[in-house]
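Here is the structure we will look at, set down as structure tokens.
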Amino acid sequence: MIVLALLLPPPTATAGTEGVTVRHVVDGDSVILTDQRQVRLIGINAPEFGKQGKPDEPLAVAARDRLRALVQGRDVRLVLEEEQRDHYGRWLAHLLLPDDTWVEEILIKEGLASAIAIPPNVGQVRRLFEAEAVARTARRGIWGSAYSTPLPAESLAASHTGFRFVRGRVTHVGRSKKYVYLDMGPRFALRIAHVDWKQYFHSRPEDWRGSLIVARGWISEQNERLHMGIGHPAMLQRLP
Numbered sequence: 153m154i155v156l157a158l159l160l161p162p163p164t165a166t167a168g169t170e171g172v173t174v175r176h177v178v179d180g181d182s183v184i185l186t187d188q189r190q191v192r193l194i195g196i197n198a199p200e201f202g203k204q205g206k207p208d209e210p211l212a213v214a215a216r217d218r219l220r221a222l223v224q225g226r227d228v229r230l231v232l233e234e235e236q237r238d239h240y241g242r243w244l245a246h247l248l249l250p251d252d253t254w255v256e257e258i259l260i261k262e263g264l265a266s267a268i269a270i271p272p273n274v275g276q277v278r279r280l281f282e283a284e285a286v287a288r289t290a291r292r293g294i295w296g297s298a299y300s301t302p303l304p305a306e307s308l309a310a311s312h313t314g315f316r317f318v319r320g321r322v323t324h325v326g327r328s329k330k331y332v333y334l335d336m337g338p339r340f341a342l343r344i345a346h347v348d349w350k351q352y353f354h355s356r357p358e359d360w361r362g363s364l365i366v367a368r369g370w371i372s373e374q375n376e377r378l379h380m381g382i383g384h385p386a387m388l389q390r391l392p
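Using this note's numbering, the first residue of the sequence shown is number 153, and each one after it goes up by one.
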């Protein structure tokens, strides 16, 4: 894990801080500012609203409403890290209330979002996962619902794409030119870029063979195989 500094000053030399006003809360982890920029909060993932006829995930409404109560129509500070936009063009940032209360940490502590670690914006990983551990122990919010129940890796199907918790044993370790693959089922593997493994994983890929783990992240399908992209070991819980 990366050792944490205080949230302010920002954790990287390229980061910045800006005063903004929130116009609208989209869901439990994204907002729109009065200047029309859309912001995805760093370090958390909240339950999603249903699309294309699918039901809302548990507590999606509660997460949105809590974030709305915290920031909608209010002046906040936008704190950037190293990577400032995602592939959708959204700004990636932390939100601070005027009294320096960290918005993401509130949502995590109340069980309305799970912690995530996506390089290179991992400056606050330990603090968020520690806050999550408290919520999990108390079974607050998502930690007392089916949302956080890990799916068995060996039974995953194409219908399980999106953000998931998955439990299984690493049965095989493979490599390609760009990635390390930790196979956890007949058609499911964790995919970690070599550059991320070298920077964040202080072990050999082979050391994970046989390990029972719970992984969290986004599952995608490619060539009839399911992959979960992992960039940081905080996304993997190694079980005894």
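For each residue, glycine too, the CB sits at the ideal point set by N, CA and C.
Range of the contiguous beta strand (DSSP E) that encloses residue i
i	result
residue 254	Element bounds for residue 254: n/a, residue is neither H nor E.
residue 370	364–374
residue 337	331–337
residue 388	388–391
residue 378	377–381
residue 326	324–327
residue 238	Premise fails: residue 238 is in no beta strand (DSSP E) and is neither H nor E.
residue 230	227–231
Heavy atom of the ligand NAP within 7 angstroms of residue i beta-carbon
i	result
residue 313	With respect to the ligand NAP, the structure offers nothing, as it holds no ligand at all.
Opening and closing residue of the alpha helix (DSSP H) in which residue i lies
i	result
residue 278	277–289
residue 352	346–352
For residue j and residue i, the rounded distance between their alpha carbons
i	j	result
residue 338	residue 306	6 angstroms
residue 377	residue 174	40 angstroms
residue 158	residue 183	With a pLDDT of only 38 at residue 158, under 50, the local geometry of the prediction cannot be trusted, and the value read off the model is given with reservation. Rounded to whole angstroms, residue 158 to residue 183 spans 24 angstroms at the Cα level.
residue 361	residue 325	6 angstroms
residue 290	residue 368	20 angstroms
residue 164	residue 278	With a pLDDT of only 35 at residue 164, under 50, the local geometry of the prediction cannot be trusted, and the value read off the model is given with reservation. Roughly 16 angstroms separates the two Cα atoms.
residue 180	residue 322	32 angstroms
residue 317	residue 346	23 angstroms
residue 160	residue 314	Residue confidence is low: residue 160 scores 39 on pLDDT, short of 50, so the model does not pin down where it sits. No coordinate-derived value is stated.
residue 354	residue 207	40 angstroms
residue 258	residue 234	23 angstroms
residue 153	residue 387	Below a pLDDT of 50, predicted positions are generally treated as unreliable, and residue 153, at 29, falls in that range; no measurement from the model is reported.
residue 391	residue 336	14 angstroms
residue 170	residue 272	20 angstroms
residue 213	residue 301	19 angstroms
residue 246	residue 276	10 angstroms
residue 356	residue 379	20 angstroms
residue 303	residue 375	21 angstroms
residue 252	residue 312	38 angstroms
residue 364	residue 239	32 angstroms
residue 350	residue 344	10 angstroms
residue 389	residue 250	35 angstroms
residue 155	residue 219	Note that residue 155 has pLDDT 31, beneath the 50 cutoff, so the model's placement of it is unreliable and the number below is only indicative. C-alpha separation (whole angstroms): 27 angstroms.
residue 295	residue 209	13 angstroms
residue 371	residue 308	10 angstroms
Beta-carbon gap between residue i and residue j smaller than 8 angstroms
i	j	result
residue 333	residue 341	yes
residue 264	residue 225	no
residue 185	residue 172	yes
residue 331	residue 199	no
residue 237	residue 177	no
residue 260	residue 244	no
residue 242	residue 188	no
residue 274	residue 222	no
residue 348	residue 383	yes
residue 285	residue 262	no
residue 268	residue 195	yes
residue 366	residue 327	no
residue 310	residue 373	yes
residue 266	residue 211	no
- Task: Jot down the residue ranges of each uninterrupted beta strand (DSSP E) in the stretch 156–220, minimum 3 residues, whole runs only, in chain order.
- Result: 169–179, 182–185, 190–193
- Query: Quick check: the stretch 203–213 against the stretch 221–234, are there 3 or more CB pairs under 8 angstroms?
  - Reply: no
- Task: Tell me the start and end of each unbroken beta strand (DSSP E) in the stretch 285–321 that is at least 3 residues and wholly inside, in chain order.
- Result: Within the stretch 285–321, the runs of beta strand (DSSP E) at least 3 residues long that lie entirely inside it are, in chain order, 314–321.
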